[in-house]
Amino acid sequence: MSSALTRLWERLPLKKQTAQSGIRVFSNQEPQQNQEVEDDEEFRVLSLRTVKQQFQRRQQVRRDPITPPRTNRMAVDQDWTAVWPGPRSFHPASVPLPLRQGFTERGAAAPSKFANAELMKIPNFLHLTPPAIRQQCEAIKKFCTPWPKGLETEAKWQRHFPLEVITTDYCQSLPTIRNPEARRVTISLKLSDLKFDAHARDKFLRLVGDRYDKDTDIVTFVTDRCPQKKQNYDYALYLLTVCYHESFVTEPWEATKSEADMEVYLFERNQSKLSAERILNWNAKEGAPKVAPSKSFAVCVEQLINEGENEYNLGKYKEEVKKMLSIA
Amino acid sequence: MNFLKKLVPQVATEVQQLSRSGFHTSSVCCRVQSGRYRITTKRNRPLTYEMANPPHFIGHRKSWNSWNTSTMKDALRPSQTAIEDVFIRKFVTGTWHALVCSEIIIKRQHNTIRIAALIRQAITPRKMYFLIGYTEELLSYWMQCPVTLELQTVGDKKDVVFKYI
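If you read the sequences in order, they're chains A and B.
Under my numbering, think of the first position of the first sequence as 4, with each following residue one higher.
Under my numbering, think of the first position of the second sequence as 13, with each following residue one higher.
Put into structure tokens, the structure is as follows:
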């Protein structure tokens, strides 16, 4: 109602001032509205066809100004480990080095570091600079313990720890850290570190079979039948223990071992010993102490038959026989 | 070939022999074409450095786009890794629609996946930050491992053009 009234009064320019002042009593907003109405009522053109001028200009996309690379503001003596703390793809605005990478035709410069995908592809070691490594070593130093005393040389620690255990850990770029290959455990030790008698040693070597390397005197057990590394380690130690203790057991059937079953020639249980004794005790009186062939003769015969006939063995055998029969 | 039979009986027999021998020709199918671009007449096709070097230069002039240990001998999950890489590429190019200016580089390190790419500065930084978070969040949910986006922005599409052919 009030706006209708004011519009009526507007048409009468003479009385306008008085009317407005009169209405101001009712509302403070009125004069502003009046002004807007006045602006709207300019002469409107009837446009049935669109004219080019009527198009409003497309709004320009306002863009933030592109900031210059951070390298421009970097201090020369900055802490690089803080700029590049961990492994990260190359970023040209953070690395203040004039790098270039890429193949170009002869004479042309290689592509620069900006917008260079090749530099982003290759793994970089910017987080492993010598100061960074030094810093990390300092940080983890408190977790280190001193090297145990009495284990300074390799000979010492091999005497205290004769068993060597080899396992493998796999680092892989997968969501899982498990790798079935990591279950393998290899344990090895020198046979001379174990204490045997002749029978036990022979039996142990028969039990381990080709796990024993004659040249290096090392027994090696490789276990991979269990799914876990720990289980395989336990199993390998179990195998070693069982083989060792089993080799000391003498079964009743082992006494029936005949000469044909022997793997090496032994002087003690062969005909040559009897023959030598018979020769040495020729015409001996009844009850006189028996003369046994010398130790060196026994060794010589064993060597001759076990290693085969060669010039050295034959020559030595000749010497021993001469010595035994005292016909030098 | 029946018209030949009418001409000379000798020719007819030869034709019969020919058809029996089953001689077959076709165009050469062993042409290598993938990853190579044709020269246009106006020489105005823009190529990035990656596109300018054909695949047989991988390891010589350009390097791989996927870095992982699955492709090594006797490594685990080679097929799954390849499929995941394809999925990541499709997802990133679709999420950053018309913004990715280069190949998407996927580097796997232990259980993390690092994705690097060149992005055009066509959207506001605010939107870019949103997209980074969105991509990392969704991909790490699907891949069940941490995913990091390491983007580099370029002001213009032409910044990545290496040459025109």
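In this text, a Cβ means the ideal position worked out from N, Cα and C, and glycines have one as well.
Residues near residue i in its chain [Cβ-Cβ closer than 6 Å; skip 5 each side]
{"i": "tyrosine 215/A", "result": "Leu208, Val222"}
{"i": "methionine 140/B", "result": "none"}
{"i": "serine 24/A", "result": "With a pLDDT of only 44 at serine 24/A, under 50, the local geometry of the prediction cannot be trusted, and the value read off the model is given with reservation. Hits under 6 Å: none found."}
{"i": "threonine 21/A", "result": "Annotation note: pLDDT 44 at threonine 21/A (below 50); position unreliable, coordinate value reported separately. Closer than 6 Å at Cβ, skipping near neighbours: no residue."}
{"i": "serine 92/A", "result": "Met123"}
{"i": "serine 152/B", "result": "Pro158, Val159"}
{"i": "tyrosine 320/A", "result": "Cys303, Leu307"}
{"i": "serine 115/A", "result": "Arg103"}
{"i": "serine 191/A", "result": "Glu167, Ile221, Thr223"}
{"i": "threonine 338/A", "result": "Residue 338/A is absent from the model: chain A starts at 4 and stops at 331."}
{"i": "lysine 119/B", "result": "Trp79, Arg126"}
{"i": "aspartate 171/B", "result": "none"}
Extent of the continuous alpha helix (DSSP H) to which residue i belongs
{"i": "threonine 84/A", "result": "83-86"}
{"i": "valine 267/A", "result": "Here valine 267/A belongs to no alpha helix (DSSP H), and DSSP marks it neither H nor E."}
{"i": "isoleucine 118/B", "result": "It is not in any alpha helix (DSSP H) - isoleucine 118/B instead sits in the beta strand (DSSP E) that spans 117-121."}
{"i": "methionine 327/A", "result": "314-328"}
{"i": "histidine 163/A", "result": "157-163"}
{"i": "proline 67/B", "result": "Segment: none, proline 67/B is in no alpha helix (DSSP H) and carries neither H nor E."}
{"i": "phenylalanine 207/A", "result": "201-211"}
{"i": "threonine 52/B", "result": "Per DSSP, threonine 52/B belongs to no alpha helix (DSSP H) and is neither H nor E."}
{"i": "aspartate 86/B", "result": "Here aspartate 86/B belongs to no alpha helix (DSSP H), and DSSP marks it neither H nor E."}
{"i": "alanine 279/A", "result": "274-283"}
{"i": "arginine 137/A", "result": "133-143"}
{"i": "valine 302/A", "result": "298-310"}
{"i": "methionine 123/A", "result": "120-124"}
Under 9 Å from the C-beta of residue i: neighbouring residues of chain A
{"i": "phenylalanine 174/B", "result": "Gly105, Thr107, Pro114"}
{"i": "threonine 147/B", "result": "None at all; the shortest Cβ gap to chain A is about 15 Å."}
{"i": "isoleucine 117/B", "result": "Ser92, Ala120, Met123, Lys124"}
{"i": "threonine 83/B", "result": "Within chain A, no residue comes near threonine 83/B; the closest Cβ sits about 10 Å away, beyond 9 Å."}
{"i": "aspartate 171/B", "result": "Phe117, Ala118"}
{"i": "arginine 73/B", "result": "Gly105, Phe106, Glu121"}
According to DSSP, residues forming a beta bridge with residue i
{"i": "isoleucine 69/A", "result": "Bridge partners of isoleucine 69/A: none, in fact."}
{"i": "serine 115/A", "result": "Arg103/A"}
{"i": "valine 245/A", "result": "Beta-bridge pairing links valine 245/A to no other residue."}
{"i": "phenylalanine 2/A", "result": "Since the first residue of chain A shown is 4 and the last is 331, residue 2/A is not available in this structure."}
{"i": "valine 166/B", "result": "Arg132/B"}
{"i": "aspartate 216/A", "result": "Ile221/A"}
{"i": "serine 78/B", "result": "Ile118/B"}
{"i": "valine 159/B", "result": "Ile125/B"}
{"i": "valine 112/B", "result": "Ile131/B"}
Neighbourhood of residue i by C-beta, 8 Å cutoff - its chain only, sequence neighbours within 5 removed
{"i": "leucine 59/B", "result": "Tyr49, Val173, Phe174, Lys175, Tyr176, Ile177"}
{"i": "alanine 7/A", "result": "In this predicted model, alanine 7/A has a pLDDT of only 49, less than 50, meaning its place in the structure is not dependable; the value taken from the coordinates is given anyway. There are no such residues."}
{"i": "arginine 89/B", "result": "Ser82"}
{"i": "glutamine 32/A", "result": "Model confidence at glutamine 32/A stands at a pLDDT of 48, short of 50, so the residue's coordinates are unreliable; what they give is reported in the following sentence. Excluding positions up to five away in sequence, the list is empty."}
{"i": "arginine 76/A", "result": "none"}
{"i": "proline 16/A", "result": "Note that proline 16/A scores 49 on pLDDT, short of 50, meaning its location in the model is unreliable and no value can be drawn from it."}
{"i": "proline 134/A", "result": "Trp83, Thr84"}
8 Å contact criterion, which residue i and residue j should meet: CB distance rounded
{"i": "alanine 96/A", "j": "proline 72/A", "result": "4 Å"}
{"i": "tryptophan 76/B", "j": "lysine 124/A", "result": "7 Å"}
{"i": "lysine 198/A", "j": "aspartate 220/A", "result": "About 14 Å; that fails the 8 Å criterion."}
{"i": "glycine 167/B", "j": "glutamine 133/B", "result": "5 Å"}
{"i": "isoleucine 125/B", "j": "valine 159/B", "result": "5 Å"}
{"i": "histidine 94/A", "j": "glutamine 164/B", "result": "6 Å"}
{"i": "valine 168/A", "j": "tyrosine 236/A", "result": "7 Å"}
{"i": "valine 112/B", "j": "isoleucine 135/B", "result": "Not quite, the Cβ-Cβ distance comes to about 12 Å (not below 8 Å), so this is no contact."}
{"i": "valine 267/A", "j": "asparagine 313/A", "result": "Between asparagine 313/A and valine 267/A the Cβ distance is about 17 Å, and since that is not below 8 Å, they are no contact."}
{"i": "leucine 129/A", "j": "valine 98/A", "result": "7 Å"}
{"i": "glutamate 155/A", "j": "tyrosine 61/B", "result": "That belief does not hold up - the Cβ atoms of glutamate 155/A and tyrosine 61/B are roughly 56 Å apart, past 8 Å."}
{"i": "glutamate 305/A", "j": "leucine 269/A", "result": "7 Å"}
Contacting residues, own chain, Cβ-Cβ under 7 Å from residue i (five flanking each side not counted)
{"i": "proline 230/A", "result": "Arg186"}
{"i": "alanine 87/B", "result": "Thr81"}
{"i": "alanine 203/A", "result": "Ser250, Phe251"}
{"i": "proline 66/B", "result": "Gly47, Arg48"}
{"i": "asparagine 284/A", "result": "Lys293, Val294"}
Residue interval of the beta strand (DSSP E) (run including residue i)
{"i": "phenylalanine 174/B", "result": "173-176"}
{"i": "proline 168/A", "result": "Before going on, a small fix: residue 168/A reads as valine here, not proline. Run containing valine 168/A: 167-170, per the beta strand (DSSP E) assignment."}
{"i": "proline 58/B", "result": "58-60"}
Neighbour list for residue i in chain A, Cβ cutoff strictly below 8 Å
{"i": "tryptophan 76/B", "result": "Lys124"}
{"i": "arginine 120/B", "result": "Ser176, Leu177"}
{"i": "proline 137/B", "result": "Asp67"}
{"i": "leucine 105/B", "result": "Reading the sequence as shown, one finds threonine at residue 105/B and not leucine. Within chain A, no residue comes near threonine 105/B; the closest Cβ sits about 14 Å away, beyond 8 Å."}
{"i": "methionine 155/B", "result": "Pro178"}
{"i": "arginine 101/B", "result": "Under the 8 Å cutoff, chain A gives no residues; its nearest Cβ is about 14 Å from arginine 101/B."}
Amino acids of chain B, ordered along the chain, whose beta-carbon sits closer than 7 Å to that of residue i
{"i": "arginine 91/A", "result": "Glu162"}
{"i": "asparagine 182/A", "result": "Leu88"}
Partners in chain A for residue i, counting only beta-carbon separations shorter than 7 Å
{"i": "leucine 130/B", "result": "Ala118, Ala120"}
{"i": "glycine 167/B", "result": "Ile69"}
{"i": "serine 114/B", "result": "Ala120"}
Interface partners of residue i on chain B, CB under 8 Å
{"i": "histidine 94/A", "result": "Glu162, Gln164"}
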